[in-house]
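K.L.:
For the sequence shown, the UniProt record's numbering begins at 1 and goes up steadily by one.
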Amino acid sequence: MYDGPSADIATSDEAVGSPPLLNLPYELFLLLFLYLDAEDTLSLLCSCRSLYGHIRDEPIWREFCCRHGLRDVSIYSQPSFFVIYASLIHTYGPLIGLWASDHPFTGNIVEFRLVQEPGPYPFLLGEVWRFQSHVANYCDPKLPEYLEIVSIRPQWDEFGFPQPATLHWRRSLENPSFSLLAPTRLGTFLRYRDFYTNALCTVQHPDFPSSFALWYDSERPLPRLRQQPCEDYSNQGFDEDAEDGLLFIPTEDPTPPAIAFFPTSNEQFSLHNPHITFPDLRLMRLPHDDEMQPAPSRYYPLRFPPIQDHLYLDPGDVNWTRQSLDGLWIGANGAHDSEVLLVDSSDPDETIAWKITGTMHIPRGVTCWKFNPDHILPHNDVSPAMELGELPFNSRLFTGHGHICPEGFITEEDSWIELNIAVVGRDEIKIRWPELEYTARYQRCKPRDLESEIVVSNRGIRRAVSWS
Numbered sequence: 001m002y003d004g005p006s007a008d009i010a011t012s013d014e015a016v017g018s019p020p021l022l023n024l025p026y027e028l029f030l031l032l033f034l035y036l037d038a039e040d041t042l043s044l045l046c047s048c049r050s051l052y053g054h055i056r057d058e059p060i061w062r063e064f065c066c067r068h069g070l071r072d073v074s075i076y077s078q079p080s081f082f083v084i085y086a087s088l089i090h091t092y093g094p095l096i097g098l099w100a101s102d103h104p105f106t107g108n109i110v111e112f113r114l115v116q117e118p119g120p121y122p123f124l125l126g127e128v129w130r131f132q133s134h135v136a137n138y139c140d141p142k143l144p145e146y147l148e149i150v151s152i153r154p155q156w157d158e159f160g161f162p163q164p165a166t167l168h169w170r171r172s173l174e175n176p177s178f179s180l181l182a183p184t185r186l187g188t189f190l191r192y193r194d195f196y197t198n199a200l201c202t203v204q205h206p207d208f209p210s211s212f213a214l215w216y217d218s219e220r221p222l223p224r225l226r227q228q229p230c231e232d233y234s235n236q237g238f239d240e241d242a243e244d245g246l247l248f249i250p251t252e253d254p255t256p257p258a259i260a261f262f263p264t265s266n267e268q269f270s271l272h273n274p275h276i277t278f279p280d281l282r283l284m285r286l287p288h289d290d291e292m293q294p295a296p297s298r299y300y301p302l303r304f305p306p307i308q309d310h311l312y313l314d315p316g317d318v319n320w321t322r323q324s325l326d327g328l329w330i331g332a333n334g335a336h337d338s339e340v341l342l343v344d345s346s347d348p349d350e351t352i353a354w355k356i357t358g359t360m361h362i363p364r365g366v367t368c369w370k371f372n373p374d375h376i377l378p379h380n381d382v383s384p385a386m387e388l389g390e391l392p393f394n395s396r397l398f399t400g401h402g403h404i405c406p407e408g409f410i411t412e413e414d415s416w417i418e419l420n421i422a423v424v425g426r427d428e429i430k431i432r433w434p435e436l437e438y439t440a441r442y443q444r445c446k447p448r449d450l451e452s453e454i455v456v457s458n459r460g461i462r463r464a465v466s467w468s
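So, in C-alpha cells, the structure goes:
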C-alpha cells in the first residue's frame with residue numbers, strides 16, 4: 001500500500017518562492033488533514049499543481065475512512081481508501097448510525113452500518129428495527145429483529161477510478177427510491193369527533209422533532225445528496241365528511257432536512273409505516289386517485305452516545321449520579337411491543353424519558369415518564385418494594401410520574417399518574433405503575449453484538465439472542 005513519500009512535498013525547483021505549505025515534510029503535511037473535512041481537503045489539493053499530485057495519496061483518505069470506522073482495506077479486491085471513500089463514504093457515510101421516523105404515533109427506527117467482511121469491497125447496509133409482540137412475558141423488553149432493506153455498494157471503472165455507488169434493494173422487485181428531503185412546514189394533525197359535543201375537532205399531533213428535541217443529533221451531517229422538495233400534501237383535499245383521520249397542514253416552524261424511503265410494494269411500505277388506527281384522509285376521498293401516495297415518513301438522525309464505563313455506573317457506586325441513566329433504553333410497554341426511549345438528565349430538576357417509538361396512546365416525541373432526583377423512595381417502604389419485585393440491596397428508588405392518555409393522544413384528556421422507579425443495575429430499570437397494576441422493565445440499548453446474532457440469510461433478517 002502506498003504510504004506517501006518521506007520527503008518534502010515540493011521539489012527544490014518548485015520550492016523557490018513557493019508558499020511555506022509546499023516546503024513541509026510529508027509527515028507534517030499529513031497532520032493538516034486531521035483538522036480538515038473532505039471538502040476543504042479537496043479544495044486544498046486542487047489549489048496548485050504540486051498539491052494536486054497528492055490527490056490519490058492513501059494516507060490522506062485513510063484518515064477520512066477511519067472517521068467512519070474503516071481502517072483496513074487490504075482484504076478487498078480494490079484495496080484503495082481513495083476509491084472507497086470517493087465512491088461510497090463521501091456521499092453515504094453520514095448515514096451510518098440510527099435514524100428515527102416521524103411516522104404518526106408509532107415512529108420507526110432505521111439503522112445504517114458499515115459491513116466490513118472479506119469480499120470485493122465494504123458496503124453500507126440499511127436495516128429496519130422490528131419488535132415482536134410480547135407473548136410469554138409482556139413485562140420484559142425484547143430486542144428487535146433487523147430487516148435488511150438496502151445495501152449501498154461502491155463502484156469503480158476499469159482504470160480504478162471511483163464511480164457513483166449503487167443501491168440494491170432487498171424486498172422489492174421494483175426499485176424503491178431513497179431521497180434527502182428539504183425542510184418542510186407541514187405538520188400532522190388528527191381530525192376526530194368529540195365524544196361529548198359530537199363536534200368535529202382538529203388537533204396537532206406532536207412535532208417530531210420538536211424545537212427542543214434532545215434525541216435529535218444536530219451534530220451529525222446529512223448524506224451528501226441533492227435535497228428534494230417536499231410535496232405539499234395540504235393542497236390535495238380530503239373527504240370533508242370523513243372522521244378520525246390524519247391531515248397535513250402548514251405550520252409556522254419548519255422541520256430539518258430528513259431522509260425518506262419511497263416504497264414500491266406493500267411490504268416495503270409497512271416496514272417504514274407500522275399500522276395505525278387513523279388513516280390518511282387524503283386517501284379516503286372519492287373518486288380515489290390511484291396515483292396518490294401516502295405521505296412518506298421522514299427519518300432524522302437519532303443521538304446514540306457511546307457507552308462510557310466511567311460515566312455509566314452501578315447504582316451502588318458512591319459516585320453514581322442520575323446522569324448514569326442517560327442514553328437509549330428499550331422497555332416493555334404492556335400489551336404493546338417494546339418501545340425505545342431516550343433518557344436525559346440535563347434538566348437540573350428532572351430526569352425525563354422521551355419516546356422515540358410510541359403507541360396510539362402516547363406517541364413518539366413526548367414524555368413517557370419522569371422523576372425528580374430529590375424524591376427518593378426509602379428501601380423500608382414495603383409496599384412499593386413488594387410491587388417492584390425482588391430488588392438488589394444497592395438499588396436506588398424514586399417516585400415519579402407516568403404519562404397516560406386515551407387512544408389518539410387528545411391532549412385535553414391526557415394525565416399523569418404516580419409511579420415508582422427502581423434503578424436496579426447499571427443497565428436495568430424497573431417501573432411500577434400502581435394504578436395500572438403493572439411493572440415494566442427497561443434495558444439499556446447498547447451497540448449490537450453482530451457475532452452473536454442469528455442470521456436468516458435467505459430473508460435478510462438478523463435476530464439478537466442476548467443483551468450485549
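Don't be surprised by glycine CBs; every beta carbon is placed ideally from N, CA and C. Model, not experiment: these values are computed from the prediction.
Going by DSSP in three states, SER324 sits in which element: helix, strand or coil?
P.N.:
Residue numbering aside, residue 324 sits at position 324 when the sequence shown is read from its first letter. Residue state, collapsed to three classes: helix.
K.L.:
Using alpha carbons as the reference points, say which of TYR216, ASN458, ILE152 and LEU30 lies closest to SER101.
P.N.:
Within the sequence shown, residue 101 is the residue found at index 101, counting from 1. Out of TYR216, ASN458, ILE152 and LEU30, TYR216 has the C-alpha closest to the C-alpha of SER101.
K.L.:
Pull up the distance between the alpha-carbon of PRO104 and that of GLU158, whole angstroms please.
P.N.:
One-based indexing of the sequence shown puts residue 104 at position 104. One-based indexing of the sequence shown puts residue 158 at position 158. Rounded to whole angstroms, PRO104 to GLU158 spans 47 Å at the Cα level.
K.L.:
Taking all protein chains shown into account, decide if PRO254 is buried (16 or more other Cβ within 10 angstroms of its Cβ) or exposed.
P.N.:
Position 254 of the sequence shown, counting from 1, holds the residue named residue 254. Classification for PRO254: exposed.
K.L.:
Note down, one range per segment and in chain order, each beta strand (DSSP E) of at least 3 residues found wholly within the stretch 59-134.
P.N.:
Counting only runs of 3 or more, we get 97-101, 109-115 and 123-130.
K.L.:
Leaving aside the five residues before and after PRO274 along the sequence, list all residues of the same chain whose C-beta is less than 6 Å from its C-beta, in chain order.
P.N.:
As a first step, residue 274 must be located in the sequence shown, where it is residue number 274. Answer for PRO274: THR106, listed in chain order.
K.L.:
I think GLY400 touches LEU388, with their Cβ atoms under 8 Å apart; what is that distance to the nearest whole Å?
P.N.:
Numbered from 1 along the sequence shown, position 400 holds the residue referred to as residue 400. Numbered from 1 along the sequence shown, position 388 holds the residue referred to as residue 388. Their Cβ separation, rounded to whole angstroms, is 13 Å, which puts GLY400 and LEU388 out of contact at 8 Å.
K.L.:
GLY17 to ASN23, Cα distance in whole Å?
P.N.:
Here residue 17 refers to the residue found at position 17 of the sequence shown. Here residue 23 refers to the residue found at position 23 of the sequence shown. Note on GLY17: pLDDT 49, under 50, position unreliable in the model; the coordinate value appears next. Distance between the alpha carbons of GLY17 and ASN23 is about 10 Å.
K.L.:
Mind checking which residues open and close the alpha helix (DSSP H) that includes HIS375?
P.N.:
Here residue 375 refers to the residue found at position 375 of the sequence shown. Looking at the DSSP string, HIS375 is not in any alpha helix (DSSP H); the run it does join, the beta strand (DSSP E), is 367-376.
K.L.:
Does the distance from the CB of TRP433 to the CB of GLY402 come in under 7 Å?
P.N.:
If you number the sequence shown from 1, residue 433 lands on position 433. If you number the sequence shown from 1, residue 402 lands on position 402. It is a contact, given that the beta carbons lie within the stated cut-off.
K.L.:
In chain order, what residues of the same chain have a beta carbon less than 8 Å from the beta carbon of THR439, not counting five sequence neighbours either side?
P.N.:
Walking along the sequence shown from the start, residue 439 turns up at place 439. Answer for THR439: CYS139, GLU387, LEU388, GLY389, LYS430, ILE431, ARG432 and TRP433, listed in chain order.
K.L.:
For GLY358 and THR188, I'd like the C-alpha separation in whole angstroms.
P.N.:
For this step, residue 358 is matched to residue 358 along the sequence shown. For this step, residue 188 is matched to residue 188 along the sequence shown. Rounded to whole angstroms, GLY358 to THR188 spans 15 Å at the Cα level.
K.L.:
For GLU117 and GLN204, what's the separation of their Cα atoms in angstroms?
P.N.:
Mapped onto the sequence shown, residue 117 falls at position 117. Mapped onto the sequence shown, residue 204 falls at position 204. If you take the alpha carbons of GLU117 and GLN204, they lie about 46 Å apart.
K.L.:
Where ASP347 and GLN323 are concerned, what is the direct C-alpha to C-alpha distance, given to the nearest angstrom?
P.N.:
Residue mapping note: residue 347 aligns to position 347 of the sequence shown, counting from 1. Residue mapping note: residue 323 aligns to position 323 of the sequence shown, counting from 1. Straight-line Cα distance between these residues: approximately 10 Å.
K.L.:
Can ARG462 be considered in contact with the ligand PLP, in the sense that its beta carbon sits closer than 6 Å to one or more heavy atoms?
P.N.:
Because no ligand of any kind appears in the structure shown, any question about the ligand PLP cannot be addressed here.
K.L.:
Report the three-state DSSP secondary structure of GLU145 (helix, strand or coil).
P.N.:
Taking the first residue of the sequence shown as position 1, residue 145 is located at position 145. Looking at GLU145 - three-state DSSP - the assignment turns out to be strand.
K.L.:
Do ILE330 and PRO141 have their beta-carbon atoms positioned less than 7 Å apart in this structure?
P.N.:
Within the sequence shown, the letter at position 141 stands for residue 141. Within the sequence shown, the letter at position 330 stands for residue 330. Taking 7 Å as the Cβ cut-off, PRO141 and ILE330 qualify as a contacting pair.
K.L.:
I need the boundaries of the alpha helix (DSSP H) containing ASN266, first residue and last residue.
P.N.:
Taking the sequence shown and counting its residues from 1, the one referred to as residue 266 is at position 266. Residues 266-272.
K.L.:
When you compare only the Cα positions, how much space is there between SER345 and ALA213?
P.N.:
Within the sequence shown, residue 345 is the residue found at index 345, counting from 1. Within the sequence shown, residue 213 is the residue found at index 213, counting from 1. When rounded, the distance between both Cα atoms is 13 Å.
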